[in-house]
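Participant:
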Amino acid sequence: NAGVMQNPRHLVRRRGQEARLRCSPMKGHSHVYWYRQLPEEGLKFMVYLQKENIIDESGMPKERFSAEFPKEGPSILRIQQVVRGDSAAYFCASSTRTQGPVTNEKLFFGSGTQLSVL
Amino acid sequence: GQQVMQIPQYQHVQEGEDFTTYCNSSTTLSNIQWYKQRPGGHPVFLIQLVKSGEVKKQKRLTFQFGEAKKNSSLHITATQTTDVGTYFCAGLPNRNSGAGSYQLTFGKGTKLSVIP
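For the record, the sequence lines run as chains A and B.
Residues in the first sequence are numbered consecutively from 20, following this note's numbering.
Residues in the second sequence are numbered consecutively from 237, following this note's numbering.
(1) Is it true that the region 99-117 of chain A meets the region 239-258 of chain B, where meeting means three or more beta-carbon pairs spaced less than 8 Å apart?
(2) Would you check if the distance between the CB atom of B/GLN269 and the CB atom of B/GLY321 is smaller than 7 Å?
(3) Measuring CA to CA, which of B/VAL350, B/PRO352, B/TYR338 and B/GLY345 is closest to B/GLN238?
(4) Does the beta carbon of A/LYS46 sit closer than 7 Å to a beta carbon anywhere in chain B?
(5) Counting beta carbon pairs with one atom in the region 105-115 of chain A and one in the region 54-64 of chain A, are three or more of them shorter than 8 Å?
(6) Assign A/ALA86 to buried or exposed, taking buried as 16 or more other Cβ atoms, counted over all protein chains shown, within 10 Å of its Cβ.
(7) Measuring only the C-alpha atoms, how far is B/GLN245 from B/THR346?
(8) According to DSSP, which residues form a beta bridge with A/LEU137?
(9) Considering only residues of the same chain and omitting the five flanking positions on each side of B/VAL286, which have a CB-CB separation below 6 Å?
(10) Out of A/MET24, A/ALA38 and A/ALA21, point me to the one whose CA is closest to A/SER135's CA.
(11) Suppose you measure from the CA of B/GLY289 to the CA of B/PHE299; what does that come to, to the nearest Å?
(12) So if DSSP puts B/TYR258 in a beta bridge, which residue, or which two residues, is it bridged to?
(13) What's the C-alpha gap between A/GLY22 and B/TYR323?
(14) So A/LYS125 contacts chain B; which residues on that side make the cut at Cβ distance below 8 Å?
(15) Since A/ASN26 is in the beta strand (DSSP E), which residue starts that stretch and which ends it?
(16) Should B/HIS311 be flagged as near chain A, meaning a C-beta pair shorter than 7 Å?
(17) Since A/PHE84 meets chain B, which of its residues come closer than 8 Å, beta carbon to beta carbon?
(18) Report the neighbours of A/GLY131 on chain B: residues whose CB is nearer than 7 Å to its CB, in chain order.
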């Protein structure tokens with residue numbers, strides 16, 4: 020009974036490189052969320068996706084960040100031309116929410132990807 | 237946009253003492269959830285409160301949702317070393333609140349340390 024799987028656990032990139040973070044939701048879950056967490060901070064919502072659809076990207080920076088959840092395969096959070104300020108823990112969560120775009124069910128979080136930008 | 241404030245930011249208690257963390261939202265909430273994150277770990281769902289004035293208990297943990305659905309609290313009785321971690325509240329804004337996004341907004345958390 021695998022939970023939410025994220026990889027890699029740790030990712031080191033130099034400034035200007037691209038970072039690709041992967042997330043496979045729990046079996047049976049079709050809703051994926053990405054959150055960013057800075058040290059001693061809460062989790063900041065970035066984007067909410069269903070298969071092949073971005074439902075809410077209101078928390079995503081307009082430039083350099085993109086997310087997808089293809090019909091087959093994991094959800095990908097992509098950060099282009101990374102800068103030091105992108106260093107953070109990126110958590111993916113999934114849920115079984117089925118009614119519209121409103122969250123009304125608990126989130127299951129993955130172990131996160133710790134991104135370090137040198 | 238919606239803001240969720242949580243206090244205190246840190247709390248150090250002697251094992252056996254009680255602990256309380258408080259959560260306040262700038263907008264009326266549809267529901268509130270609580271999560272626990274152990275050091276180096278990921279957030280784990282504890283509970284969801286939906287009704288105004290609701291109180292729920294899980295063993296030594298008591299969760300309350302305010303009458304106005306804008307605040308909540310988590311109280312732990314007789315803390316144990318296994319309670320160590322950061323406790324987050326997360327609020328879902330009410331559709332009529334005028335919040336910019338209808339996704340869970342997390343507080344910054346209360347980091348609990350328990351001295352054995």
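Ideal Cβ positions, reconstructed from N, Cα and C, are used throughout, including at glycine.
Computed from a prediction, not measured in an experiment: that's the story for all the values here.
Facilitator: In short:
(1) In short, these stretches do not touch, since the Cβ pair count stays below three.
(2) Going by C-beta atoms, B/GLN269 is not nearer than 7 Å to B/GLY321.
(3) Nearest neighbour of B/GLN238 by Cα position, chosen from B/VAL350, B/PRO352, B/TYR338 and B/GLY345, turns out to be B/TYR338.
(4) No, A/LYS46 lies away from the interface with chain B (no Cβ there is under 7 Å from its Cβ).
(5) These segments touch.
(6) Around the beta carbon of A/ALA86, 16 or more other beta carbons sit within 10 angstroms, so the residue counts as buried.
(7) Taking the straight line joining both Cα atoms gives about 5 Å.
(8) Beta-bridge annotation (DSSP): A/LEU137 is not paired with any residue.
(9) Same-chain partners within the cutoff: ASN267.
(10) The shortest C-alpha separation from A/SER135 is found at A/ALA38.
(11) Taking the straight line joining both Cα atoms gives about 10 Å.
(12) B/TYR258 pairs with B/ILE243 and B/SER309.
(13) Straight-line Cα distance between these residues: approximately 21 Å.
(14) Those are GLN269, PHE281 and GLN284, listed as they occur along chain B.
(15) Per DSSP, A/ASN26 is one residue of the beta strand (DSSP E) stretching across 24-26.
(16) It does not; no Cβ of chain A falls within 7 Å.
(17) In chain B, no part has a C-beta under 8 Å from the C-beta of A/PHE84; the shortest such distance is about 16 Å.
(18) Under the 7 Å cutoff, chain B gives HIS278.
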